[in-house]
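Residue numbers (the working numbering), protein chains in the order written: chain Y, 1 to 272; chain X, 273 to 573. Beta carbons are placed, not taken as given, at the ideal position from N, Cα and C, and that holds for glycine. What follows is a set of notes on a single structure, which appears directly below.
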Amino acid sequence: MRRGHLIAALAAGGFCLLALAPFAWLVLTSFKTQLEVTAIPPTPWPGGSLEFYRSALSRYGLMHFVLNSLIVAGGTTACTLCLGVGAAYALARLRMPGRPWLMGALLLVSMFPQISLAGPIWRMLQAAGWLNPYQGLIIPYVTLTLPLAVWILTSYFSELPRELEEAAMLDGCGRLGALVRVILPLAGPGVFTAAILVFIYAWNEFFFALLIMTRRAVQTLPVGIALFQGQFTMPWGEIAAASTVATAPLVALVFIFQRRIVSGLSAGAVKG
Amino acid sequence: MALTATRRGERLLAWGLLLPCLAAVCAFAFWPIVYSFVLSLHRIVLGLPGLGEPFIGLGNYARLLADPTARSSAAVTLVFVAVSTLLEVALGTLMALALDKSFRGRGLVRAAVLVPWAIPTVVASQMWRFILNDRYGLLNWLLFGDQVASYRAWLAEPGWALAAIISADVWKTSAFAALIVLAGLQTIPREINEAAALDGAGPWQRFRHLTLPLVLPALAVALVFRTMDAFRVFDLVFVMTQGGPANATNVLQFYGYKKMFAEGFMGYGSAVSVMVFVMVLAVSLLYLRLVGRRLLRGEER
């Protein structure tokens with residue numbers, strides 16, 4: 001038994017190294033100087049220069065991309081949760097005919113390949129004049145994150161005892177009042193979990209952002225980082241700096257809310 | 273009487289709450305699937321609106337069948353999906369087995385292996401592209417040290433480029449498979465394992481005859497999710513190889529994107545996208561046949 005645990009701990013250590021080392025290399029690169037980055041063979045340890053952060057901010061408009069990403073990911077999270085909470089409550093609590101079918105249809109949506117949606121969505125947005133305005137990107141993101149949010153929220157709502165709402169309704173709350181005053185506060189952790197996962201999705205998404213946001217001024221971080229181009233050479237240092245900025249908040253989220261993320265992802269997947 | 277009235281009210285409220293969500297999903301997920309089929313029956317060139325958008329029946333599909341790039345693209349996609357999914361589920365299972373044991377710092381380890389999953393795919397792609405760089409890349413340095421003459425341009429060689437895309441995907445998403453398998457592992461009561469150990473079953477025997485059959489449903493779920501997601505690979509290809517060298521990494525999602533948006537052949541690109549959809553549908557029906565029934569039977573037990 002003891003030996004099993006030792007092997008598991010060693011294996012876990014190995015997995016950690018594999019998971020973190022490549023990204024650590026990128027972070028180290030972001031603190032190097034141009035000379036250190038293009039040295040052959042590479043200089044492993046940086047001198048600790050902020051040169052690339054400065055140039056990513058001033059020459060590549062990093063702050064712009066961060067701001068756009070915050071607006072799009074924040075807007076998506078808010079809209080998805082508003083729509084998702086209502087839908088999940090209806091699915092978890094109210095007598096719904098065809099409930100399994102609705103849940104199945106939502107699961108189906110999360111499996112659609114994006115390329116099959118891209119052309120039509122692009123044309124619909126173009127007709128509405130919504131290529132480039134933020135809502136043009138937020139709308140497809142809301143659609144694509146709703147299934148995940150509804151699945152997570154439904155599983156959290158179903159676990160709350162029915163007596164709570166019944167008591168609230170006896171006290172004169174309507175169904176809606178019971179949802180807002182009793183259920184939502186209790187399902188807070190579930191709502192928060194869904195919010196983290198939706199935010200991460202919207203923060204990271206690249207395919208639709210590339211198609212819909214064609215003007216530099218409104219592009220999100222992933223598009224910015226993918227399209228970073230130097231005049232003569234690849235600006236590896238600036239890419240590393242921007243990547244570190246784009247990833248740092250996510251790494252923080254993962255380390256702080258690891259438990260929530262794990263339970264949310266398995267609620268979305270396993271209970272299906 | 274009052275009871276039926278509340279019931280009706282409840283049903284009305286339920287539909288009211290569901291409607292916005294269903295409307296969004298119908299308008300921006302189900303309708304586009306239909307609409308992309310309609311588009312694929314027309315000749316639409318984005319740069320030339322003067323041509324109009326004439327209906328050409330199955331013309332785009334006839335061209336698709338005769339298009340060697342589309343065929344090789346489909347083959348690359350299938351290879352990518354099969355290899356990366358299998359590796360991810362296998363590696364994910366190993367990770368899950370390691371994480372299922374209790375040791376100090378398990379929470380930190382779990383967070384650490386989740387980091388690749390949380391990193392934006394574009395960032396992961398740039399990261400691997402830099403590590404695989406032919407001159408200042410980390411990999412060349414680790415393999416060949418100071419012997420600069422042996423440094424290789426990994427992403428410029430067809431076989432290595434595809435291997436690189438697959439490895440990057442495995443690095444990024446194995447943790448997701450691991451989480452699902454781990455959730456499955458944690459539903460197995462510890463006593464079963466301990467009883468078998470007392471009866472003299474070795475670790476491999478216990479894994480093969482106890483753990484594996486019990487965790488099979490979770491494995492199947494991980495496999496389905498990873499497969500569907502692998503069909504969507506795009507960011508890695510866009511950033512690392514642009515489909516090259518010599519179309520070696522030109523997966524269908526990238527090919528469809530290129531036809532539709534880079535070259536402007538909206539009709540033909542839609543035919544490609546319908547083909548992707550049909551492939552995904554076929555694979556999911558296949559899975560349903562293979563594992564769906566077993567899963568249902570497992571639940572009845």
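Along the segment 10 to 44 of chain Y, the positions whose C-beta sits under 8 Å from a C-beta of chain X are Ala11, Ala12, Gly13, Phe15, Cys16, Leu18, Ala19, Leu20, Pro22, Phe23, Trp25, Leu26, Thr29, Val37, Thr38, Ala39, Ile40, Pro41, Pro42, read in chain order.
Inclusion of Ala19(Y) and Ala241(Y) in the CB contact set at 8 Å is not warranted, their separation being larger than that value. Phe112(Y) belongs to the set of residues whose beta carbon lies under 8 Å from a beta carbon in chain X.
The CB of Ala87(Y) comes closer than 7 Å to the CB of Leu289, Leu290, Cys293 in chain X, given here in chain order.
Residue-level contact by beta carbon holds for Gln525(X) and chain Y, with a gap shorter than 8 Å. The residues Ala520, in chain order, have a CB closer than 8 Å to that of Gly431(X) in the same chain once the five nearest residues on each side in sequence are set aside. Against chain X, the beta carbon of Trp203(Y) has neighbours under 9 Å at Pro392, listed in chain order.
Residue environment analysis places Cys293(X) among the buried positions, since at least 16 neighbouring C-beta atoms fall within 10 angstroms of its C-beta. A Cβ-Cβ distance of about 5 Å is found for the pair Gly119(Y) and Ser542(X), placing them in contact under the 8 Å criterion.
Rounded to whole angstroms, the separation of the alpha carbons of Pro42(Y) and Ala195(Y) is 40 Å. Not a single C-beta of chain X is nearer than 8 Å to the C-beta of Val191(Y). When C-alpha distances from Ile225(Y) are compared across Val511(X), Leu482(X), Leu323(X), Val496(X), the shortest belongs to Val511(X). Cβ-Cβ distances below 7 Å link Met213(Y) to Asn132, Leu137, Gln219, Thr220, Val223 in the same chain, with the five nearest sequence neighbours on each side left out; the list follows chain order.
Nearest to Pro100(Y) by C-alpha distance, out of Val150(Y), Ala11(Y), Arg59(Y), is Val150(Y). Per the Cβ contact rule, the segment 11 to 27 of chain Y is in contact with the segment 358 to 377 of chain X (3 or more Cβ pairs under 8 Å). With at least 16 other beta carbons inside 10 angstroms of its own, Leu451(X) counts as buried. Under the 8 Å criterion on CB atoms, Leu265(Y) is classed as interfacial with respect to chain X. As computed with DSSP, Val317(X) is found in a beta bridge with Phe537(X). In this structure, DSSP gives Phe327(X) an extended state, which the three-state scheme calls strand. A Cβ of chain Y is located within less than 8 Å of the beta carbon of Asp418(X). With contacts defined as CB atoms closer than 8 Å, Val348(X) and Asn522(X) qualify as a contacting pair. Taking the beta carbon of Arg279(X) as reference, the chain Y residues within 9 Å of it are Arg95, listed in sequence order. Of the candidates Thr143(Y), Pro113(Y), Phe157(Y), Thr244(Y), the residue whose Cα lies closest to the Cα of Gly75(Y) is Thr143(Y). Taking the C-beta atoms as reference points, Phe199(Y) is found nearer than 8 Å to Ala73(Y). Annotation for Gln477(X): the continuous alpha helix (DSSP H) segment containing it runs 475 to 478. 8 Å or more divides the Cβ of Asn332(X) from the Cβ of Ser308(X). The closest CA to that of Trp25(Y), considering only Leu404(X), Ala502(X), Glu429(X), Glu282(X), is found on Leu404(X). A Cβ of chain Y is located within less than 8 Å of the beta carbon of Trp443(X). When secondary structure is reduced to three states using DSSP, Asn68(Y) falls in the helix class. Two segments are said to touch when three or more pairs of C-beta atoms, one from each, lie closer than 8 Å; by this definition the segment 376 to 395 of chain X touches the segment 446 to 463 of chain X. Within the segment 114 to 162 of chain Y, the complete alpha helix (DSSP H) runs of at least 4 residues fall at 114 to 128, 134 to 159. Residue burial annotation: Ile464(X) is exposed, with fewer than 16 other C-beta atoms found within 10 angstroms of its C-beta. Closest option to Ala354(X), judged by alpha-carbon separation, among Ala469(X), Phe503(X), Arg343(X), Leu415(X): Phe503(X). When the Cα atoms are used, Val453(X) and Ser397(X) turn out to be separated by approximately 26 Å.
Between Leu508(X) and Ala440(X) a beta carbon distance of about 5 Å is seen, short of the 8 Å cut, so the two are scored as contacting. Around the Cβ of Ala467(X), a 10 Å sphere holds fewer than 16 other Cβ atoms; the residue is exposed.
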